[in-house]
Amino acid sequence: VPTPLLGAAGVALGAGIAIAVGITAVTAPHRERPRWVGRWGWTRRLYDLVTDADPALVRDPRLPLAAIGLRFGNFTLDALTFWACLRAVGVAPRLDHAWVAFVAASLGRSLGLVPGGMGTFEGGAIGALSLVKIPLEAGLAAALLFRVLSYWLPMIPGLWLARRL
2 VPTPLLGAAG
12 VALGAGIAIA
22 VGITAVTAPH
32 RERPRWVGRW
42 GWTRRLYDLV
52 TDADPALVRD
62 PRLPLAAIGL
72 RFGNFTLDAL
82 TFWACLRAVG
92 VAPRLDHAWV
102 AFVAASLGRS
112 LGLVPGGMGT
122 FEGGAIGALS
132 LVKIPLEAGL
142 AAALLFRVLS
152 YWLPMIPGLW
162 LARRL
């Protein structure tokens with residue numbers, strides 16, 4: 002079995018266990034914790050975290066809608082930033098091409114096993130942009146510029162605050 006498939010299977014198994022713990026915690030908040038949840042420390046902590054949540058928040062139908070709307074807005078602004086980065090390096094792709102390249106790169110970043118998606122986002126962006134005839138150099142420059150703006154630059158105040166708090 003190829004190693005990437007083993008890694009993907011491990012991630013899928015961990016996600017499945019986490020989902021099962023979450024569903025168990027939400028559907029049975031006043032029952033005793035099942036024995037299988039206490040088998041691993043991380044599942045016990047996840048169960049306790051979910052069962053300690055305020056039930057009013059968990060059952061509020063506006064909360065997931067607000068979260069989805071804010072996430073979509075964030076994603077859209079990131080895609081527009083990526084499009085602006087492409088324009089800044091001298092290429093003028095159609096907005097839908099930049100959007101699709103950003104979605105493909107973000108999917109690679111999400112599925113990659115590297116923390117922060119380092120390298121997987123850039124590779125996905127360059128590959129997708131090359132399909133719409135964006136030169137490799139411009140695609141790489143735009144992807145790196147986007148990473149500086151969206152990943153590295155926000156770390157500066159975060160690191161500063163982490164040292165102060």
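Anchor point for the sequence shown: position 75 equals 76 in this note's numbering, and the numbering is continuous, going up by one each time. Cβ atoms here follow ideal geometry from the backbone N, Cα and C, with glycine treated the same way.
Express the C-alpha separation of V149 and L78 in angstroms, rounding to a whole number. 15 Å
Kindly indicate the opening and closing residues of the alpha helix (DSSP H) around W84. 63–89
According to the neighbour-count rule (16 or more other Cβ atoms, all chains shown, within 10 Å of its Cβ), is I20 buried or exposed? exposed
Spatial distance of T76 from W41 (CA atoms): It is Phe, not Thr, that sits at residue 76 in the sequence shown. Rounded to the nearest angstrom, the two C-alpha atoms are 34 Å apart.
Thinking C-alpha only, which one of A67, F147, G125 is nearest A85? F147
When the Cα atoms are used, what is the spatial distance from E138 to G117? 23 Å
Should A99 and A80 be called a contact, given that it needs their Cβ atoms to be closer than 8 Å? yes
Find the nearest neighbour of A89 within the set A142, L162, E33, judged by alpha-carbon distance. A142
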